[in-house]
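Structure first, then comments.
In the numbering used here, the protein residues as written are 20 to 722.
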């Protein structure tokens, strides 16, 4: 005989409400309530259990509560259900109680009476004495599997009968995701899995290559293994310092850098060095140095710029008195100018250039002197007169009038990515130092630039190459139209020199963001892209705002703070992975709307995570120190309610290379399955690679 609805609910009742507040409900369990296993819910289920779900009938359906804690108290008068014999004397009996966190409301679907719909929040709390019931299997699945557009399955819920946990990619990636947990808790596998599962589901839906873009900044070189062509159905581009077959060379040329990145790289001080460095960037990007024209008009433009710069330099020397106090140096500078003009006369035949050369020769002959010492001819120049220098300046002005007038050294914005060479910047800074008579302040800055640019390890990554255009760089790192070159770009930063790794990371992230800004400006629509930052506590580390000169780490953090605040508007989602959330920038962490929390044992990190969720949901977070690998707590915008998830299995071939080292296997020569495990040592190739350093692509081809 079938049960009536009232009888069915009565068979599921486990207790009554005896305390109600806006964030907590306390329940007194009946004596007949199961003590370890409930069998009346359609299948055996552990009960009572912390973080499991129960229902309380309210006006429009059921209030869903999550068990926060269980306790036992001694009661002299236990409450019994059914007929009671009042002639018996009750002895003290352990009465069980539990506390619930109200989560939301479960209502019947208006389209299907057999289905339920769960919504966060409630407009009706129960009264004292209300019945508390166990959810059925269908109700339990409706709670966990709630939400619209749940397209990608990421795991199952062990607290809800292994109900499927699915997410909407728009919610997961659209408002920034933080994956937090200790080393070895499964963060890397979770991120690789989220990318694989999302793209595989998209492939099934569109029956082809999805038009998706994931950019993974990988400081440890873990993800190359996960997205290799022979391991994955997802096509990927892998960029690294020493590329193997099928991989690309990692190139972040220095002409892509903006002024803030240059200042942090060179450690330029704010008072004198930074303004002149920005001016030098504008002028070299405008073509004031290193310009070689191919047409007559370009040759004239190059000559015009050269004469304008020379005029400014001579006027500065005349005002500062350098022509008298630094005679020898000024004389050889005039000689160099004359030689340059003779060379340019062959490119651009202008009669006035001969006049300038004649005036300079007259001044040089008047100040020239020499003597013989120890069999060697010593040449030097005496002080020049103001009249001699004025005649040179007048001749240059006359030539500039013929060419169209003086061109002042105002180039494009110093942050525009225009090609130039690092050596040109150092040379031009030296010229500016002499013009402004501040050589004593810029000498060390120029020396730092020359030393850093001469480092072969850095040059392999930041060196300038005419073959790399801005269009080609954006194609390699963001992707082609319709993701033709692959949906994933893995940027391996593991071999990037420490001195520039923060700058390189900042440049890549900023260039991606600014490219998407300009894409929306031109096309009127966003280009959805996901930027993944591994080891985020290293690159997005909190910094002091009161520091005058920001270092490269602070500049890198500022880039990601800008992306966290503004990226969503332009289609750029951010995924952070960190084992030390307490060291992350508060600005970036506060902008993350979804959290996937693996095992966290550190007290400071737990305290930070507890501040990210409402007070009535902290009970679930108490499980963080106990979570096994592959288990995590999903909460935030991508989930209707905080839920414990057992992540899907990821094939070993698609897992990032982040396994713990097998010390015992190396010691005994056997792996966990008993197979042979060899750790042979040959230091010769290691020493050779160490000493020779990275090679350029052309050198590798010749070899």
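Ideal Cβ placement from N, Cα and C applies to all residues, glycine included.
Residue i by DSSP, collapsed to three states: which one?
{"i": "residue 350", "result": "helix"}
{"i": "residue 562", "result": "coil"}
{"i": "residue 76", "result": "strand"}
{"i": "residue 384", "result": "helix"}
{"i": "residue 291", "result": "coil"}
{"i": "residue 52", "result": "coil"}
{"i": "residue 390", "result": "strand"}
{"i": "residue 88", "result": "strand"}
{"i": "residue 115", "result": "strand"}
{"i": "residue 435", "result": "coil"}
{"i": "residue 576", "result": "helix"}
{"i": "residue 457", "result": "coil"}
{"i": "residue 548", "result": "strand"}
{"i": "residue 332", "result": "helix"}
{"i": "residue 591", "result": "strand"}
Out of the options, which one is the CA nearest neighbour of residue i?
{"i": "residue 147", "options": "44, 124, 82 and 213", "result": "44"}
{"i": "residue 33", "options": "80, 355 and 114", "result": "114"}
{"i": "residue 253", "options": "263, 212, 289 and 291", "result": "212"}
{"i": "residue 340", "options": "290, 397, 501 and 453", "result": "453"}
{"i": "residue 276", "options": "559, 612, 489 and 684", "result": "489"}
{"i": "residue 67", "options": "578, 79 and 47", "result": "47"}
{"i": "residue 518", "options": "499, 555, 570 and 552", "result": "570"}
{"i": "residue 600", "options": "241, 149, 629 and 265", "result": "629"}
{"i": "residue 131", "options": "403, 501, 161 and 154", "result": "161"}
{"i": "residue 530", "options": "555, 435, 170 and 486", "result": "435"}
{"i": "residue 177", "options": "257, 321, 69 and 261", "result": "69"}
{"i": "residue 683", "options": "698, 674, 673 and 670", "result": "698"}
{"i": "residue 231", "options": "558, 593, 648 and 501", "result": "501"}
{"i": "residue 507", "options": "159, 120 and 242", "result": "242"}
{"i": "residue 492", "options": "351, 245, 222 and 534", "result": "534"}
Is any non-hydrogen atom of the ligand SAM found closer than 8 Å to the C-beta of residue i, if you look at the structure I gave you?
{"i": "residue 70", "result": "Of ligands this structure carries none, so the ligand SAM is not represented either."}
Rounded to whole angstroms, what's the CA-CA distance from residue i to residue j? Just pull it up for me.
{"i": "residue 369", "j": "residue 377", "result": "14 Å"}
{"i": "residue 642", "j": "residue 197", "result": "18 Å"}
{"i": "residue 514", "j": "residue 239", "result": "9 Å"}
{"i": "residue 584", "j": "residue 666", "result": "29 Å"}
{"i": "residue 706", "j": "residue 175", "result": "48 Å"}
{"i": "residue 187", "j": "residue 468", "result": "48 Å"}
{"i": "residue 511", "j": "residue 495", "result": "14 Å"}
{"i": "residue 536", "j": "residue 387", "result": "59 Å"}
{"i": "residue 139", "j": "residue 125", "result": "9 Å"}
{"i": "residue 10", "j": "residue 286", "result": "Because the chain in this structure spans residues 20 to 722, residue 10 falls outside the shown range and cannot be described."}
{"i": "residue 381", "j": "residue 330", "result": "18 Å"}
{"i": "residue 225", "j": "residue 142", "result": "41 Å"}
{"i": "residue 432", "j": "residue 299", "result": "11 Å"}
{"i": "residue 610", "j": "residue 604", "result": "10 Å"}
{"i": "residue 36", "j": "residue 82", "result": "12 Å"}
{"i": "residue 73", "j": "residue 688", "result": "52 Å"}
{"i": "residue 449", "j": "residue 290", "result": "17 Å"}
{"i": "residue 627", "j": "residue 618", "result": "14 Å"}
{"i": "residue 294", "j": "residue 356", "result": "27 Å"}
{"i": "residue 133", "j": "residue 122", "result": "22 Å"}
{"i": "residue 417", "j": "residue 338", "result": "20 Å"}
{"i": "residue 308", "j": "residue 173", "result": "Because residue 308 carries a pLDDT of 47, less than 50, the predicted location of this residue cannot be relied on, and no value is offered for it."}
{"i": "residue 553", "j": "residue 248", "result": "21 Å"}
{"i": "residue 400", "j": "residue 422", "result": "32 Å"}
{"i": "residue 541", "j": "residue 532", "result": "15 Å"}
{"i": "residue 650", "j": "residue 79", "result": "34 Å"}
{"i": "residue 182", "j": "residue 663", "result": "11 Å"}
{"i": "residue 711", "j": "residue 260", "result": "14 Å"}
{"i": "residue 288", "j": "residue 465", "result": "13 Å"}
Cβ contact (3+ pairs, closer than 8 Å) linking the stretch 201-208 and the stretch 459-477
Remark: fewer than three beta-carbon pairs, one from each stretch, lie closer than 8 Å, so the stretch 201-208 and the stretch 459-477 are not flagged as touching.
At least 3 beta-carbon pairs within less than 8 Å: the stretch 542-551 vs the stretch 270-282
No: fewer than three Cβ pairs fall under 8 Å.
Answer yes if the stretch 656-664 comes into contact with the stretch 165-185, meaning at least three C-beta pairs across the two stretches below 8 Å, and no otherwise.
Contact between the stretch 165-185 and the stretch 656-664 is established, with three or more Cβ pairs separated by less than 8 Å.
Going along the chain, which unbroken runs of the alpha helix (DSSP H) with 4 or more residues stay wholly within the stretch 503-539?
Entirely contained in the stretch 503-539, not one alpha helix (DSSP H) run reaches 4 residues.
Scan the stretch 120-173 and note each continuous alpha helix (DSSP H) run of 4 residues or more that stays entirely inside, going in chain order.
Within the stretch 120-173, the complete alpha helix (DSSP H) runs of at least 4 residues are 156-163.
In chain order, which alpha helix (DSSP H) runs of at least 4 residues are fully inside the stretch 607-645?
Residue ranges of uninterrupted alpha helix (DSSP H) with 4 or more members, entirely inside the stretch 607-645 and ordered along the chain, are 622-629 and 637-640.
Report the residue ranges of all alpha helix (DSSP H) runs contained in full by the stretch 206-277; include only those spanning at least 4 residues, in chain order.
The qualifying runs are 206-225 and 242-245.
Do the stretch 276-285 and the stretch 570-577 meet, that is, are 3 or more Cβ pairs less than 8 Å apart?
The stretch 276-285 and the stretch 570-577 touch, with no fewer than 3 CB-CB distances between them shorter than 8 Å.
Contact between the stretch 514-523 and the stretch 480-499 is defined here as three or more beta-carbon pairs at a separation below 8 Å; is this criterion met?
The answer is yes - the stretch 480-499 touches the stretch 514-523, with three or more Cβ pairs under 8 Å.
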